[in-house]
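K.L.:
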Amino acid sequence: MAEGEKERGGATRLAEKARGVVGAVLGRVTANTLGAQSAKTFVKNAAIGDMYELEAAKLALANAHSPRVKDVAQQMIDDHTTLTHQLRSAMRMNETGDQTSLPTEVDERRKQMLDELRRVPDDEFDKLYLDQQVLAHKETVDLMTGYAARGDNPQLRSVAASGAPLVTRHLRHMERLREELAA
Amino acid sequence: MAFNPLEEQGIPLHKQLRSWSELNSTPYDTEAVHPHTRCRVIAMNGIEIEAIMNSHNAARRIADVGVRQMLADVRRVEQQQQKAVNWLIPAGESVLANTIGYEQVAVDLTAWVARNEPDPYLRQVYEFGLLEDYDHLYRYANLMDLMGERRKAEAVTGDLTEILPGRPTIFHHRHPHDDLRRPMTVQAAHFQSILNGLTVLSAEQQTMNFYMNVGNRPEDPLARALYLEIAQVEEEHVTHYESILDPSMSWMTNLAIHEYNECWNYWSCMQSEPDPRIKAVWELHLGMELEHLRLACEAMKEVEGVDPEEVFPDKGVSAPLVFEPNKQYVREVIARTVQWTGYDSEFVSVDDLPEGHRFFEHQRTVNRDGTPSEQVIDRHRTEFGSEYRFSTEGDHPVESLGISGTTEQSGYPNPSAR
Ligand SMILES: [Fe+2]
Ligand SMILES: [Fe+2]
Ligand SMILES: [Fe+2]
Ligand SMILES: [Fe+2]
Numbered sequence: 000m001a002e003g004e005k006e007r008g009g010a011t012r013l014a015e016k017a018r019g020v021v022g023a024v025l026g027r028v029t030a031n032t033l034g035a036q037s038a039k040t041f042v043k044n045a046a047i048g049d050m051y052e053l054e055a056a057k058l059a060l061a062n063a064h065s066p067r068v069k070d071v072a073q074q075m076i077d078d079h080t081t082l083t084h085q086l087r088s089a090m091r092m093n094e095t096g097d098q099t100s101l102p103t104e105v106d107e108r109r110k111q112m113l114d115e116l117r118r119v120p121d122d123e124f125d126k127l128y129l130d131q132q133v134l135a136h137k138e139t140v141d142l143m144t145g146y147a148a149r150g151d152n153p154q155l156r157s158v159a160a161s162g163a164p165l166v167t168r169h170l171r172h173m174e175r176l177r178e179e180l181a182a
Numbered sequence: 000m001a002f003n004p005l006e007e008q009g010i011p012l013h014k015q016l017r018s019w020s021e022l023n024s025t026p027y028d029t030e031a032v033h034p035h036t037r038c039r040v041i042a043m044n045g046i047e048i049e050a051i052m053n054s055h056n057a058a059r060r061i062a063d064v065g066v067r068q069m070l071a072d073v074r075r076v077e078q079q080q081q082k083a084v085n086w087l088i089p090a091g092e093s094v095l096a097n098t099i100g101y102e103q104v105a106v107d108l109t110a111w112v113a114r115n116e117p118d119p120y121l122r123q124v125y126e127f128g129l130l131e132d133y134d135h136l137y138r139y140a141n142l143m144d145l146m147g148e149r150r151k152a153e154a155v156t157g158d159l160t161e162i163l164p165g166r167p168t169i170f171h172h173r174h175p176h177d178d179l180r181r182p183m184t185v186q187a188a189h190f191q192s193i194l195n196g197l198t199v200l201s202a203e204q205q206t207m208n209f210y211m212n213v214g215n216r217p218e219d220p221l222a223r224a225l226y227l228e229i230a231q232v233e234e235e236h237v238t239h240y241e242s243i244l245d246p247s248m249s250w251m252t253n254l255a256i257h258e259y260n261e262c263w264n265y266w267s268c269m270q271s272e273p274d275p276r277i278k279a280v281w282e283l284h285l286g287m288e289l290e291h292l293r294l295a296c297e298a299m300k301e302v303e304g305v306d307p308e309e310v311f312p313d314k315g316v317s318a319p320l321v322f323e324p325n326k327q328y329v330r331e332v333i334a335r336t337v338q339w340t341g342y343d344s345e346f347v348s349v350d351d352l353p354e355g356h357r358f359f360e361h362q363r364t365v366n367r368d369g370t371p372s373e374q375v376i377d378r379h380r381t382e383f384g385s386e387y388r389f390s391t392e393g394d395h396p397v398e399s400l401g402i403s404g405t406t407e408q409s410g411y412p413n414p415s416a417r
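The following block contains the structure:
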């Protein structure tokens, strides 16, 4: 089948328009999201974010004291596994081309965060996990909403737009839980 | 061969309404009809039903009275088209024989789409569904034999489609999350991918509707049970296929794409239809669809400010969808992917699912009191001494399924046991 420019549903103007709409809904510009417009940066950060979430949640299932923290950790495993799969599928589509590949390891900063979770005194685990979760999800929300609004690849924008509301709910949930457990 | 529906002249909308007697098509002869003509009738009924329900859904979400009028005008004609097409099916074609036709559609339509899908991920989505409907065909064919029908399933399908076990139906029952795939985008997908997705979805949705409604018509408890089990799988298939479509499409763009897809489908039917009387129906309906498309494009431009050339390929579509034998292709897909299951948007071998995966619990729940799709094969063996199969190309590509279509003897991993 011929792969002409127009056969791809070309639609540059349509893409611009859709971007405007998504941007209006999700638009939340922070310094962090400005670097998130390239597919390469987005894929790397999204994949690493999911890997960190899965690893941290496994530690929480083993070490958390509060059953509510364990519940939320299980939820993180379920949801970030789904997000990992969605990203993996997207990367197998022609729409993402072969511009970048998925990382297989977390970066230095997340490695340190995970190390801290492994080393923290037993009675401080829950607090550290929730502190990290709030921080990590703020970053993920910025990454997803930023890329959904201004990313350079339509398929990855779609990935970001489909994950953004979910991680936004995660963030609210983590903030609430941290408050309630501190009280 | 190319076809650009945006450059063709259609029938003005005010001339499209037909009388009751014009709509009451003389049915085809179920013995003499070309099996793929039956397939086209079944498939185009599904295409019309999707057009109708999509228009209703739009009407419920759009306040603009002018748009509602346009939707109502066109929808009334879509309804007439649906009657003209679906009334081609004769009373003398039993529900079960018609069911065999539905699954033949699912096999040969999905196989064509898979072979002509430019995207590797979406191709996998079609190949995944293909093997399941292929297995449904075989289970229903065994049921047909048991119900004392005057014909065997192969008399319905001709020798165009083999009737053999695919991925066994017992393994189709997955957790709902494992039927949700990754959507394409209208902006970046190949346009053929959009047409493919909408076409297969329409066929699957009507298959689901059909089993939902006719599944309680048989008297035999096993027949009722098999219909309800497979109807639940068709719900999975609709979930699976609708999840590849772009969820961010605006209403009028979505409408225009639906009308474009109807044009492509009727044009495709015209290319290969051997029955001149039925070909005339396809031709008439194409003329109507061209005008529906023009109206939808106008609305897209006026209401949403989107130009048709931003959405549609400037040279139109290059290939007609063809109902044709896919025997070797299906065999190759069976050999390669029979063990697949879903894990979110991904496909993995059932052996590679993690311990304790939700698939196994779902399997245990629904299969705990026995599974009709297994029982129907058992009962056929008890009553006739062997399974019903129809094969023209030699041995089954999977040795164990060549011996038995039920899973306790097949060597296929039994997830309920895990
Ligand atoms: Fe129609
Ligand atoms: Fe089916
Ligand atoms: Fe199906
Ligand atoms: Fe139409």
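Residue numbers (numbering that gives the first Met the number 0), protein chains in the order written: chain A, 0 to 182; chain B, 0 to 417.
Quick reminder that beta carbons are idealized off the backbone N, C-alpha and C, glycines included.
Ignore the nearest five residues each way along the sequence and tell me which others in leucine 285 of chain B's own chain have a CB closer than 7 Å to its CB.
P.N.:
Here residue 285 of chain B corresponds to residue number 286 of the second sequence, with the count starting at 1. Closer than 7 Å at Cβ, skipping near neighbours: Cys262, Tyr265, Trp266 and Met269.
K.L.:
Let me check one thing: in DSSP terms, what residues is valine 316 of chain B bridge-paired to?
P.N.:
For this step, residue 316 of chain B is matched to residue 317 along the second sequence. Looking at the DSSP assignment, valine 316 of chain B forms a beta bridge with B/Phe2.
K.L.:
For the alpha helix (DSSP H) that threonine 36 of chain B lies in, which residues bound it at each end?
P.N.:
Position 37 of the second sequence, counting from 1, holds the residue named residue 36 of chain B. 34-60 is the span of the alpha helix (DSSP H), which, as asked, contains threonine 36 of chain B.
K.L.:
Residues in the segment 181-192 of chain B with C-beta within 9 Å of chain D's C-beta atoms, listed in sequence order?
P.N.:
Any reference to chain D falls outside this structure, whose protein chains are A and B.
K.L.:
So, does the CB of alanine 89 of chain A fall closer than 8 Å to a CB anywhere in chain B?
P.N.:
Along the first sequence, one-based indexing puts residue 89 of chain A at 90. Chain B, which has a Cβ nearer than 8 Å to the Cβ of alanine 89 of chain A, makes this yes.
K.L.:
Using Cβ-Cβ distances below 7 Å, what residues of the segment 234-267 of chain B are close to chain A?
P.N.:
Those would be Ser247, in chain order.
K.L.:
Name the chain A residues whose beta carbon is nearer than 8 Å to that of glutamate 301 of chain B?
P.N.:
Counting from 1 along the second sequence, the entry for residue 301 of chain B is found at position 302. In chain order: nothing, as chain A lies at least about 15 Å away.
K.L.:
At least one CB of chain B closer than 8 Å to the CB of histidine 79 of chain A: is that the case?
P.N.:
As a position in the first sequence, residue 79 of chain A is number 80, starting the count at 1. Histidine 79 of chain A does not count as touching chain B.
K.L.:
Who are the near neighbours of valine 21 of chain A in its chain, counting only those whose CB is closer than 8 Å to its CB and skipping five residues on each side?
P.N.:
The sequence position of residue 21 of chain A within the first sequence is 22, counting from 1. In this predicted model, valine 21 of chain A has a pLDDT of only 36, less than 50, meaning its place in the structure is not dependable; the value taken from the coordinates is given anyway. Excluding residues within five positions, the ones whose Cβ falls inside 8 Å are Ala147, Ala148, Arg156 and Ala160.
K.L.:
Taking one C-beta from the segment 96-109 of chain B and one from the segment 171-187 of chain B each time, how about it: are there three or more such pairs within less than 8 Å?
P.N.:
The segment 96-109 of chain B vs the segment 171-187 of chain B: no contact.
K.L.:
Does any CB atom of chain B fall closer than 8 Å to the CB of histidine 84 of chain A?
P.N.:
In the first sequence, the residue the question calls residue 84 of chain A occupies position 85. Yes, because at least one Cβ of chain B sits closer than 8 Å to the Cβ of histidine 84 of chain A.
K.L.:
Determine, using beta-carbon pairs with one atom in the segment 15-33 of chain B and one in the segment 238-250 of chain B, whether at least three such pairs fall under 8 Å.
P.N.:
The segment 15-33 of chain B vs the segment 238-250 of chain B: no contact.
K.L.:
If the cut-off is 8 Å on Cβ atoms, which residues from the segment 327-357 of chain B count as contacting chain A, listed in chain order?
P.N.:
Correct list: Tyr342, Asp343, Ser344 and Glu345.
K.L.:
Please find out if some non-hydrogen atom of ligand 3 comes closer than 7 Å to the beta-carbon of glycine 214 of chain B.
P.N.:
Here residue 214 of chain B refers to the residue found at position 215 of the second sequence. False, no ligand heavy atom lies under 7 Å from that Cβ.
K.L.:
Does glutamine 132 of chain A pass the burial test, meaning 16 or more other C-beta atoms within 10 Å, or should it be called exposed?
P.N.:
Within the first sequence, the letter at position 133 stands for residue 132 of chain A. Buried, because 16 or more other Cβ atoms sit within 10 Å of the Cβ of glutamine 132 of chain A.
K.L.:
Quick one, which residues of the segment 31-61 of chain A are near chain B if we go by CB-CB under 8 Å, in chain order?
P.N.:
Here the close residues number zero.
K.L.:
So, does the CB of alanine 94 of chain A fall closer than 8 Å to a CB anywhere in chain B?
P.N.:
Locating residue 94 of chain A in the first sequence gives position 95, counting from the first residue. This sequence places glutamate at residue 94 of chain A; alanine is not what is there. Yes, because at least one Cβ of chain B sits closer than 8 Å to the Cβ of glutamate 94 of chain A.
K.L.:
Please state whether the Cβ-Cβ distance between glutamate 392 of chain B and arginine 330 of chain B is less than 8 Å.
P.N.:
Residue 392 of chain B sits at position 393 when you count from the first residue of the second sequence. Residue 330 of chain B sits at position 331 when you count from the first residue of the second sequence. Yes, the Cβ-Cβ distance between glutamate 392 of chain B and arginine 330 of chain B is below 8 Å.
K.L.:
Residues in the same chain with beta-carbon distance under 8 Å from valine 124 of chain B, minus the five sequence neighbours each way, listed in chain order, please.
P.N.:
In the second sequence, residue 124 of chain B corresponds to position 125, counting from 1. For valine 124 of chain B, where only same-chain residues beyond five positions count, the Cβ hits under 8 Å are Arg180, His239, Tyr240 and Ile243.
K.L.:
For histidine 135 of chain B versus threonine 168 of chain B, is the C-beta spacing smaller than 8 Å?
P.N.:
Locating residue 135 of chain B in the second sequence gives position 136, where the first residue counts as 1. Locating residue 168 of chain B in the second sequence gives position 169, where the first residue counts as 1. Contact flag set, yes.
K.L.:
Using 10 angstroms around the beta-carbon of proline 34 of chain B, count the other beta-carbons present and answer buried if the total reaches 16, otherwise exposed.
P.N.:
Working through the second sequence from its first residue, we reach residue 34 of chain B at position 35. Buried, since its Cβ has 16 or more Cβ neighbours within 10 Å.
K.L.:
Quick check: the segment 358-367 of chain B against the segment 155-175 of chain B, are there 3 or more CB pairs under 8 Å?
P.N.:
The segment 358-367 of chain B is in contact with the segment 155-175 of chain B.
K.L.:
Determine the chain B residues that contact proline 120 of chain A at a beta-carbon separation under 8 Å, and present them in chain order.
P.N.:
Residue numbering aside, residue 120 of chain A sits at position 121 when the first sequence is read from its first letter. Per Cβ cutoff of 8 Å: no residues; proline 120 of chain A is ~31 Å from chain B at best.
K.L.:
Please specify which runs of the alpha helix (DSSP H), each continuous and at least 4 residues long, are wholly inside the segment 186-253 of chain B, giving them in chain order.
P.N.:
List check, alpha helix (DSSP H) in window: 190-213 and 220-241.
K.L.:
State yes or no: is the C-beta of histidine 135 of chain B nearer than 7 Å to some heavy atom of ligand 2?
P.N.:
Indexing the second sequence from 1 puts residue 135 of chain B at position 136. Result yes, Cβ under 7 Å from ligand 2.
K.L.:
Report yes or no: is there a C-beta of chain B within less than 8 Å of the C-beta of glutamine 73 of chain A?
P.N.:
As a working mapping, residue 73 of chain A is identified with position 74 in the first sequence. No, no contact with chain B.
K.L.:
Output yes or no for whether 8 Å exceeds the beta carbon distance between aspartate 118 of chain B and methionine 173 of chain A.
P.N.:
Stepping through the second sequence from its first residue, residue 118 of chain B is reached at position 119. Stepping through the first sequence from its first residue, residue 173 of chain A is reached at position 174. It is not a contact, given that the beta carbons lie outside the stated cut-off.
K.L.:
Are the beta-carbon atoms of glutamine 79 of chain B and arginine 17 of chain B separated by less than 8 Å?
P.N.:
Start at 1 with the first residue of the second sequence, and residue 79 of chain B comes out as number 80. Start at 1 with the first residue of the second sequence, and residue 17 of chain B comes out as number 18. In this structure, arginine 17 of chain B lies closer than 8 Å to glutamine 79 of chain B by Cβ.
K.L.:
With DSSP as the reference, label isoleucine 10 of chain B as helix, strand or coil.
P.N.:
Numbered from its first residue, the second sequence carries residue 10 of chain B at position 11. Note: isoleucine 10 of chain B maps to coil in three-state DSSP.
K.L.:
Look at the alpha carbon of aspartate 158 of chain B and the alpha carbon of glutamine 103 of chain B, and state the distance between them as a whole number of angstroms.
P.N.:
In the second sequence, the residue the question calls residue 158 of chain B occupies position 159. In the second sequence, the residue the question calls residue 103 of chain B occupies position 104. Between aspartate 158 of chain B and glutamine 103 of chain B, the C-alpha separation is close to 11 Å.
K.L.:
Below 8 Å on the Cβ atoms is my guess for serine 201 of chain B versus glutamate 49 of chain B; work out the distance and round it to an integer in Å.
P.N.:
On the second sequence, position 202 is the one that residue 201 of chain B refers to. On the second sequence, position 50 is the one that residue 49 of chain B refers to. About 4 Å; that satisfies the 8 Å criterion.
K.L.:
State buried or exposed for leucine 134 of chain A, treating a residue as buried only when at least 16 other CB atoms are found within 10 Å of its CB.
P.N.:
In the first sequence, counting from the first residue as 1, residue 134 of chain A sits at position 135. Exposed.
K.L.:
Indicate, with yes or no, if ligand 2 has a heavy atom lying under 7 Å from the CB of asparagine 202 of chain B.
P.N.:
Taking the first residue of the second sequence as position 1, residue 202 of chain B is located at position 203. Before going further, note that residue 202 of chain B is alanine rather than asparagine in the sequence given. It does not: the Cβ of alanine 202 of chain B is nowhere closer than 7 Å to a heavy atom of ligand 2.
K.L.:
State buried or exposed for proline 273 of chain B, treating a residue as buried only when at least 16 other CB atoms are found within 10 Å of its CB.
P.N.:
If you number the second sequence from 1, residue 273 of chain B lands on position 274. That one is exposed.
K.L.:
Rounded to whole angstroms, how far is the Cβ of valine 105 of chain A from the Cβ of methionine 50 of chain A, which I believe are closer than 8 Å?
P.N.:
Your numbering for residue 105 of chain A matches position 106 in the first sequence. Your numbering for residue 50 of chain A matches position 51 in the first sequence. Confirmed, about 5 Å.
K.L.:
Suppose you measure from the CA of threonine 103 of chain A to the CA of glutamate 373 of chain B; what does that come to, to the nearest Å?
P.N.:
As a working mapping, residue 103 of chain A is identified with position 104 in the first sequence. As a working mapping, residue 373 of chain B is identified with position 374 in the second sequence. Spanning the two alpha carbons is a distance of roughly 42 Å.
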